[in-house]
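Top to bottom, those sequences are chains A and B.
Residue numbers for the first sequence follow numbering that gives the first Met the number 0, beginning at 0 and rising by one.
Residue numbers for the second sequence follow numbering that gives the first Met the number 0, beginning at 0 and rising by one.
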Amino acid sequence: MKNNEKYIDQQGITIITPIDPAKDIKGLYSLLNKIGGDINNNSIIDFRQMKTIHYARWFIMDLAKDASGNLVPPNLVYSGNFDGSVEDHLEELLRVSGDGIKDIYSYCKGFPTADNASNQNIFEYWKAHVYNNQLFWPAIRGGTVEQIRGEGELRDAIQEFLNRQAAGGGFKDLDPAGIHGKIKDFIASKEEFKWALQARAKPSFGWKLDYYGRLVGRLLLVVILLPVILLFLLPVWWLILSRIFEKKDDKNRKDISRSKEFDALLRNEDQVFQNQLTIYGAIKKPYWYRLTTLKMGLWIFATNGKYRSDKGKLSGIETIHFARWTLFNKGKNVMFFSNYDGAWEIYLSEFIDRSAAAMNLTFGTTVGYPQVKFLLWKGAFDEQAFKTVVRNNQYPCQVWYSAYPYLTVKNILNNHQIRKGLDGSSEESTADWLKRF
Amino acid sequence: MNTMVELKDVQGIIIRGYGKMPFAAFLLVQINDPGGAKSWLKDIAGEITHAEADLDQLDTCMNIAFTNTGVIELGLKPEVMNTFSREFEEGMTTDHRRRILGDFGKSDPSTWDWGGPGDTKAIHMIVLCYGKTADALQQLINNQKSRWNGLELVRQLDTILLPDRKEHFGFRDGIAQPVIKDAGRDESGHPANNINPGEFLFGYKNEYDKYTVSPNVDPDMDPQNILHADQNFPDKKDLGRNGSMLVFRQLEQDVRKFWTTIDQAVKSQQVDNTSSTIEHLGAKMVGRWPSGAPLTKCPFEDDPSKRDFDNFGYAEKDYDGYKCPIGSHIRRTNPRDNFLRDSTGKPEKDIKNSEKFMKRFRIIRRGRAYGKPVSPNMDPHEVLRSSVEDTDRGLHFLCFNANIGRQFELIQQTWVNNPKFAGLYEDPDPIMGFPEIMGAGATTTFTEQAAPVRKKVTGIPQFVHVKGGAYFFMPGIRGIEFLASLP
Ligand code: HEM
């Protein structure tokens with residue numbers, strides 16, 4: 000297992016490329032639908048061969064608007080979550096399914112033509128269209144695809160072993176330590192699980208220096224700015240302004256009567272026990288105020304998410320594998336991506352129950368959002384209005400791939416704790432460890 | 000001071016289970032002549048049992064609800080239909096909804112007796128009839144049918160009262176219910192169980208302190224001024240007020256398969272000396288003993304004196320599920336104070352939040368059993384010995400909620416069908432779940448949490464199949480008068 004040797008980070012990338020108006024966009028829809036319709040076995044993009052992708056999606060962003068109602072020309076959006084470096088990820092895409100990739104991007108403006116399509120040129124093209132993450136949040140830190148799948152198999156093997164032992168009376172009169180010993184012996188006897196007896200590599204000193212260095216940087220920024228912020232009573236002004244602008248926002252709750260056309264969304268939903276969410280928002284005017292609010296909000300959540308929510312829960316929600324906010328269209332629009340466990344309805348309900356204020360501070364800056372008060376209140380607390388605006392701003396995603404559609408965040412965390420009980424790095428008692436089965 | 004529920008305008012079955020009316024039948028009706036249907040509705044609007052009726056004085060009760068095609072038939076226009084929820088407008092059998100509800104294989108709507116795409120007659124209306132005696136019930140049905148004009152009985156769904164109010168697997172049913180606040184009910188139980196009326200009735204605040212979006216009409220459609228203003232859109236009139244959404248699922252139960260599977264599991268556990276009785280394993284799957292006593296309260300043996308005991312939680316005394324397994328039917332359809340499992344790291348906070356959030360995912364169940372029991376005394380050992388044919392028997396599952404998507408469907412999809420519920424892996428609801436949901440060829444398990452290590456029942460087949468169903472709108476009495484007044 001690779002991350003037994005070296006700690007490996009997870010990353011997320013967003014590439015937004017303009018679709019060539021000279022090309023027939025329908026052709027791109029049908030190509031993407033063909034891939035998405037048979038995600039694991041299609042002949043165009045061979046996701047199963049890509050060892051470092053956790054999640055990937057392609058969708059066509061059509062008919063997006065900014066706050067003034069100007070159409071954003073249609074774009075193709077790629078979003079991927081993966082292990083290791085961006086370069087390696089893009090390289091893997093091209094190495095495994097270069098032809099399919101070129102087919103897809105032949106619909107995009109400026110993509111290198113066939114005689115020019117060296118990997119180098121394609122990388123350059125992509126990199127020119129990469130959009131920065133305002134916030135990127137992975138649930139499982141350092142958990143590679145290889146590890147997540149491997150630990151899943153490890154857990155399954157132990158479960159079967161336990162079933163066989165129970166059927167054969169093998170656990171009669173054993174205490175927790177005795178059972179733990181038997182499990183460990185069983186795993187030790189299996190060549191394919193040898194890795195599980197060894198702990199995952201810890202982050203290196205250099206990694207930690209970088210990680211905590213950035214935290215110190217963020218805190219220093221606050222400390223330095225704080226006197227200025229306080230001196231000019233900026234938060235007070237900001238709140239006063241918020242009321243002025245919020246009062247101008249659309250008060251009409253008309254939108255809580257349900258949104259209409261989302262058959263295309265539902266077609267792909269609930270095919271497995273995970274789903275993806277792709278939503279975009281048009282940032283409201285005045286831009287300077289809303290965009291600053293959004294950026295500050297995301298900055299706070301990114302800091303909190305990175306340094307505090309590192310146990311698999313984002314704002315108390317335990318079902319998100321990856322989440323990401325990205326600005327596009329010169330800061331006039333924002334996009335949110337997530338990969339989550341279970342159904343849309345409970346997922347959105349949990350957002351409302353557990354982090355409505357966070358939704359208000361961020362999505363509250365976008366058009367159509369239920370009216371917010373003082374940046375944090377109201378808004379998402381209006382359940383049906385909030386769910387409707389999410390549906391209205393949600394994009395159908397033609398291609399969506401999950402490397403482990405049958406493992407929830409909770410499963411993955413539990414599997415990792417099971418492995419830790421074998422590799423010696425677990426801190427819980429054997430009795431507690433056994434509860435994990 | 001909260002607004003009190005206008006009980007006289009609410010149909011009785013939403014608020015009360017009619018325990019005093021042991022006999023019941025549900026009539027599925029097609030409207031052939033809307034004019035005739037409306038004159039009948041006008042005629043009987045005053046005979047519909049409302050929620051304040053004195054049941055001691057009555058021999059029968061009657062309540063009425065409509066499908067989406069039913070209210071269209073009565074004259075509601077598309078712009079009004081658009082104000083109903085998607086769930087109601089689309090019906091129970093769309094592709095996506097089948098995935099939500101898990102209606103595949105033997106539950107595929109194309110095989111349903113009613114409510115599926117194979118129907119030759121439309122189902123527009125359901126008349127729920129209840130009686131103190133079989134005779135009284137029959138008289139009610141005859142009397143109503145004789146006054147029908149342009150209405151046709153598509154199917155009559157009969158019910159049976161099993162001993163001790165049990166369902167066919169042999170467990171007492173209809174115990175745990177939410178209490179609707181401000182409706183004259185006993186609110187002295189656990190406060191977490193008292194729920195704002197808006198979760199079940201349109202026109203009142205729900206557990207988000209909002210009015211659940213309700214079907215509404217333009218004022219000029221209501222020249223007689225029957226309806227009140229809509230709370231969300233004051234320039235509209237509220238057709239939903241004092242009404243609710245009724246979910247009806249006819250669930251067939253394979254009783255012998257249920258107990259045979261349990262019997263085999265118990266026998267296979269004997270090797271390890273950890274086996275229990277079949278009653279105990281069955282009770283673990285349900286979460287209550289056959290008498291109704293909850294396992295969390297009575298972990299080792301049945302205690303009929305606790306049969307209606309409902310004032311309990313899981314988080315403090317049974318967090319790990321050693322008494323009542325985490326995946327049992329009642330613990331997953333209402334996780335109570337243990338909805339959030341180790342969410343904040345502070346147990347008291349998790350309990351408080353669980354109780355608050357769980358109020359948003361409740362339903363009022365009003366189901367009744369149908370079909371003859373395998374064994375008249377409901378004893379599982381007799382079921383095992385019995386060679387009675389597996390004829391038609393099961394549960395007419397009925398429940399009320401204001402928001403089908405957030406309440407009934409969420410419970411069915413996220414808790415009943417979901418093998419990943421509460422950190423589990425391959426455990427859908429042990430009495431109602433089914434393996435295909437995990438993909439072709441998958442097996443499902445039921446985990447009995449235990450020390451030092453769990454026990455598992457593997458390869459649980461499907462015991463419950465859907466035979467029919469539909470979503471209905473049950474208006475308030477004024478709502479019915481309004482529908483009867485449509486041109
Ligand atoms: C044939 C199918 C079913 C059977 C045999 C069955 C049986 C039972 C039994 C024996 C109880 C415990 C007694 C009680 O508290 O009333 C119960 C409770 C319950 N059931 Fe079911 N049920 C079935 C279908 C469903 C369905 C389809 C749902 C919802 C989607 C559901 C939701 C509930 C709820 C919410 C409770 C109360 C849990 C609590 O608050 O403690 N049941 N059921």
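Beta carbons: idealized from backbone N, C-alpha and C, even for Gly.
All of these numbers come straight from a predicted model, not from anything done at the bench.
Note down, in chain order, each residue of its chain lying with its Cβ closer than 8 Å to the Cβ of residue i, except the 5 sequence neighbours on either side.
{"i": "R287 of chain B", "result": "F170, R171, I174, P293, L294 and I329"}
{"i": "I430 of chain B", "result": "F168, F257, M284, V285, H328, F462 and V463"}
{"i": "Q416 of chain A", "result": "S425, E427, W432 and R435"}
{"i": "I403 of chain B", "result": "S84, E86, F87, M244, V246 and Y470"}
Determine the chain B residues that contact residue i at a beta-carbon separation under 9 Å, and present them in chain order.
{"i": "D174 of chain A", "result": "P451"}
{"i": "A430 of chain A", "result": "A450 and P451"}
What is the DSSP secondary structure of residue i, counted as helix, strand or coil?
{"i": "S243 of chain B", "result": "strand"}
{"i": "Y369 of chain B", "result": "strand"}
{"i": "E251 of chain B", "result": "strand"}
{"i": "F272 of chain A", "result": "coil"}
{"i": "F58 of chain A", "result": "strand"}
{"i": "E206 of chain B", "result": "coil"}
{"i": "V28 of chain B", "result": "strand"}
{"i": "E431 of chain B", "result": "Reading off the sequence, residue 431 of chain B comes out as Met, not Glu. Correct three-state label for M431 of chain B: coil."}
{"i": "Q393 of chain A", "result": "strand"}
{"i": "A322 of chain A", "result": "strand"}
{"i": "Y469 of chain A", "result": "Residue 469 of chain A is absent from the model: chain A starts at 0 and stops at 436."}
{"i": "R331 of chain B", "result": "helix"}
{"i": "T364 of chain A", "result": "coil"}
{"i": "E278 of chain B", "result": "helix"}
{"i": "H227 of chain B", "result": "coil"}
{"i": "T260 of chain B", "result": "helix"}
{"i": "G315 of chain A", "result": "coil"}
{"i": "V235 of chain A", "result": "helix"}
{"i": "A281 of chain A", "result": "strand"}
Spatial neighbours of residue i within its chain, please: C-beta separation below 7 Å, excluding the five flanking residues on both sides.
{"i": "N413 of chain A", "result": "R435"}
{"i": "N74 of chain A", "result": "I15, T16, P17, I18 and M60"}
{"i": "L375 of chain A", "result": "A356, N359 and L360"}
Using the beta-carbon of each residue, which ones in chain A are nearer than 9 Å to residue i?
{"i": "K209 of chain B", "result": "I255, F380, D381, E382, Q383 and A384"}
{"i": "N195 of chain B", "result": "Simply none; closest approach about 13 Å."}
{"i": "S267 of chain B", "result": "A165 and A166"}
{"i": "Q412 of chain B", "result": "D269, G341, A342, E344 and I345"}
{"i": "F356 of chain B", "result": "S348, E349, D352 and R353"}
{"i": "K322 of chain B", "result": "Neighbours of K322 of chain B on chain A: none; closest Cβ ~14 Å, over 9 Å."}
Go through its chain and collect everything with a Cβ distance to residue i's Cβ below 6 Å, but skip five positions before and after it.
{"i": "Y130 of chain A", "result": "T13, I15, T325 and F327"}
{"i": "V221 of chain A", "result": "none"}
{"i": "I43 of chain A", "result": "I34 and G99"}
{"i": "G97 of chain A", "result": "none"}
{"i": "G366 of chain B", "result": "L394, H395, F396 and L397"}
{"i": "Q412 of chain B", "result": "I99"}
{"i": "S78 of chain A", "result": "T13, R56 and F336"}
Just the chain B side, please: which residues come within less than 7 Å of residue i by C-beta, in chain order?
{"i": "K409 of chain A", "result": "G422"}
{"i": "E190 of chain A", "result": "Going along chain B, no residue has its Cβ under 7 Å from E190 of chain A, so there is no contact; the nearest lies around 25 Å."}
Using the beta-carbon of each residue, which ones in chain A are nearer than 8 Å to residue i?
{"i": "E198 of chain B", "result": "Result: empty, since nearest Cβ-Cβ is about 11 Å, beyond 8 Å."}
{"i": "I99 of chain B", "result": "D269 and A342"}
Quick one: is the Cβ of residue i within less than 6 Å of any heavy atom of the ligand NAD?
{"i": "I363 of chain B", "result": "Within the structure as shown, the ligand NAD is missing, the only ligands being the ligand HEM."}
Report yes or no: do three or more beta-carbon pairs, one from the region 365-383 of chain B and one from the region 258-268 of chain B, lie closer than 8 Å?
yes
Where in the region 163-202 of chain A do unbroken runs of the alpha helix (DSSP H), each at least 4 residues long, occur, reported from the N-terminal end onward?
175-187
Enumerate, from N- to C-terminal direction, the unbroken beta strand (DSSP E) stretches of 3 or more residues contained entirely within the region 90-154 of chain A.
132-137
What are the start and end residues of each continuous beta strand (DSSP E) run of 3 or more residues lying completely inside the region 122-195 of chain B, in chain order?
124-130 and 150-157
When you compare the region 229-244 of chain B with the region 213-221 of chain B, are there three or more beta-carbon pairs, one atom per stretch, that lie closer than 8 Å?
yes
Sufficient close CB pairs (3 or more, under 8 Å) joining the region 356-366 of chain B to the region 134-154 of chain B:
no
contact_flag[the region 337-346 of chain A, the region 399-418 of chain B] where n(CB pairs < 8 Å) is 3 or more
yes
Suppose only complete runs of 3+ residues qualify. What are the beta strand (DSSP E) ranges in the region 38-89 of chain B, listed by chain order?
59-65
Using 8 Å as the threshold, is the region 446-458 of chain B in touch with the region 54-71 of chain B, meaning 3 or more CB pairs across them?
no
Under 8 Å: do the region 62-72 of chain A and the region 276-285 of chain A share three or more Cβ pairs, one atom per stretch?
yes
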